[in-house]
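First residue of the sequence shown: 1, per full-length UniProt numbering; consecutive thereafter.
Cβ atoms here follow ideal geometry from the backbone N, Cα and C, with glycine treated the same way.
Reviewing the structure listed below.
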Amino acid sequence: MMDYHSIHGHDISSFDAPGAHRLPTVAASQALDELEHDARPGVVTGLESLDRALCGSENADSPDIASRGSIKRGQVTEIWGPPGTGKTALAIQMTANAICSGHHVVWVDCLQKVHKQRVARTIKAVQAARQQAGLSEVGSAIDWTRFKHYSCLTLPHLMALVSRPTPEMVSLGVSLVVISSASALFNSALPRAQDVKSGFKVGQGPSPSAKRLQCLRHVMDALRKLAATRNCAVVVLSQCATRMQSEQGATLVAAVNATVWEQGISTRIVLFRDWAWEEKKLRGVFLAGLQKIDGKATQLAVEHVCAFKVEAGGTTSIAYDAASRFPARSADPGRRKRKLGHTGLEVPDSEDDEDYGWADEDEESMPAPPPQWQGSEDILLGHEIGRDDDSTCADSEEDEGSATGCND
């Protein structure tokens with residue numbers, strides 16, 4: 001009787017046997033000691049004020065924040081914001097800081113490919129800054145073996161990469177894994193359920209909303225397992241969406257806002273734009289704020305806001321004062337505002353010393369309305385008011401008479 005493998009050969013196309021991928025058992029005392037004396041360096045963002053805010057109030061005054069890092073390993077961090085707010089620039093700055101510190105970085109593109117020349121310019125700028133500060137020797141050529149770049153333009157490719165990362169793809173020396181625009185794959189492959197529901201069922205099985213939540217749960221679990229088993233920081237760059245609310249109007253939120261996704265995010269950073277006056281000129285300012293730190297949401301919607309600018313050599317912190325965004329108007333003694341009593345008009349429950357009307361120079365000194373950004377990555381979250389992933393899933397399953405896949 002002939003052997004099976006001698007006829008058909010060995011099957012080299014199949015996936016390997018599923019492994020347990022369990023974390024090693026650690027005593028409670030050892031885990032507490034490692035938590036208090038964590039020697040694993042994190043990833044530095046390059047923005048000093050943001051690094052201090054991420055390290056917490058107890059470590060904000062520590063002088064070794066730059067060497068210790070602020071984006072912690074073993075956690076999933078999300079950076080989201082509208083188009084043109086510096087998400088990719090901040091991630092490239094973190095990549096350059098990690099590579100210059102001798103660590104490896106894995107970059108996964110899900111929508112647009114990052115330019116290698118841009119990464120090289122940022123790395124050279126970081127090397128020059130460290131040489132000037134005396135923190136490193138004369139700069140050498142960039143070691144591109146520390147930077148691995150992958151393009152996952154479909155959702156199955158991304159799920160396969162994060163679920164079964166091989167040692168060659170994500171080695172043990174990796175300190176940072178950046179996943180750019182993963183929300184684009186979710187919204188493309190598994191779009192939100194249509195608000196206009198059909199009157200008949202296409203077939204049995206989970207609803208599209210349930211499939212979306214199952215996929216989000218699977219990807220988030222894989223990212224958390226990847227961060228824990230490889231001892232690396234996973235940074236997800238997410239797009240934004242517009243949520244319609246009855247009383248508050250339109251609100252910008254993260255493109256993926258399901259509960260199963262929120263629970264897996266340990267730290268969340270939001271990026272946005274503002275305008276400030278510099279030498280009587282209106283210029284744009286990039287702002288970064290915290291919404292969640294170490295699994296705890298901030299008390300306010302956005303806290304610890306810091307300003308930065310994006311240049312060819314990366315991101316740089318700048319001074320920013322919200323109170324001085326607009327120039328102070330000089331009083332014109334030649335022309336005063338009219339008082340209400342001088343007009344001969346009477347208004348009930350009004351005081352005589354209140355100003356009436358605006359002078360012409362008041363409108364002239366007001367700045368022109370700044371331009372608005374409209375990006376193709378902004379999506380409208382349904383036509384119904386207050387609709388999100390969780391409510392969409394609940395509504396669709398209520399119509400189908402089942403509750404599959406919506407329970408967290």
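Counting along the chain, residue 291 sits inside the beta strand (DSSP E) bounded by residues 281–293.
The alpha-carbon separation between residue 192 and residue 211 amounts to approximately 10 angstroms. Linking residue 109 to residue 152 through their CA atoms gives a straight-line distance of about 6 angstroms. Non-local beta-carbon contacts of residue 50 in its own chain, meaning distances under 6 angstroms to residues more than five positions away in sequence, involve 288 and 306 in chain order.
Pairing residue 183 with residue 43, the inter-Cα distance amounts to about 23 angstroms. With respect to residue 175, residue 100 sits apart: the two C-beta atoms are not nearer than 8 angstroms. DSSP links residue 245 through a beta bridge to 249.
Under the three-state reduction of DSSP, residue 48 is assigned to helix. For residue 220, the number of other beta carbons within 10 angstroms of its own is at least 16, and it is reported as buried. Residue 73 has no beta-bridge partner at all, per DSSP. Of the candidates 30, 70, 161 and 131, the residue whose Cα lies closest to the Cα of residue 46 is 70.
Between the region 83–102 and the region 241–256 there are fewer than three inter-stretch CB-CB distances shorter than 8 angstroms, so the stretches are not counted as touching. One alpha carbon belongs to residue 55, the other to residue 112, and they sit about 31 angstroms apart. Closest option to residue 189, judged by alpha-carbon separation, among 155, 28, 129 and 97: 155. Only residues of its own chain outside the window of five on either side were considered, and among them 307 have a CB closer than 8 angstroms to the CB of residue 319, listed in chain order. Residue pairing of residue 262 in beta bridges, as defined by DSSP: absent, with no partner found. Beyond the five residues adjoining it in sequence on each side, residue 76 comes within less than 7 angstroms, by CB distance, of 223, 224, 227, 234, 236, 264, 265 and 266 in the same chain, given in chain order.
Listed in chain order, the non-local C-beta contacts of residue 293 below 6 angstroms within the same chain comprise 267, local neighbours out to five positions each way being set aside.
The Cβ-Cβ distance between residue 53 and residue 218 does not fall below 8 angstroms. Between residue 160 and residue 142, the CB-CB gap reaches or exceeds 8 angstroms.
Shown here, residue 109 sits in a strand according to DSSP, grouped into three states. Distances from the alpha-carbon of residue 122 to those of 146, 96 and 25 put 96 closest. Beta-bridge annotation (DSSP): residue 254 is paired with 240. If you look at residue 174, you'll find it in the beta strand (DSSP E) that goes 174–180. Excluding the 5 residues flanking it on each side, residue 215 has same chain C-beta neighbours closer than 6 angstroms at 190, in chain order. Residue 152 sits in coil when the DSSP states are folded into three classes, being neither helix nor strand. Just so you know, the alpha carbons of residue 282 and residue 276 end up roughly 6 angstroms apart.
For residue 43, no alpha helix (DSSP H) segment is defined, and its DSSP state is neither H nor E. Contact between residue 270 and residue 310 fails: their C-beta atoms lie close to 16 angstroms from each other, not under 8 angstroms.
Only exposed fits residue 169, as fewer than 16 other CB atoms lie within 10 angstroms of its CB.
Taking 8 angstroms as the upper bound for CB-CB distance, residue 93 and residue 284 are not in contact here, some 18 angstroms apart. Burial of residue 165 is indicated by the presence of at least 16 other C-beta atoms within 10 angstroms of its C-beta. Here residue 235 is bridged, per DSSP, to 77 and 178.
Where residue 92 is concerned, the enclosing alpha helix (DSSP H) starts and stops at 87–100.
Under DSSP, residue 311 shares a beta bridge with 314. Inclusion of residue 104 and residue 171 in the CB contact set at 8 angstroms is warranted, their separation being smaller than that value.
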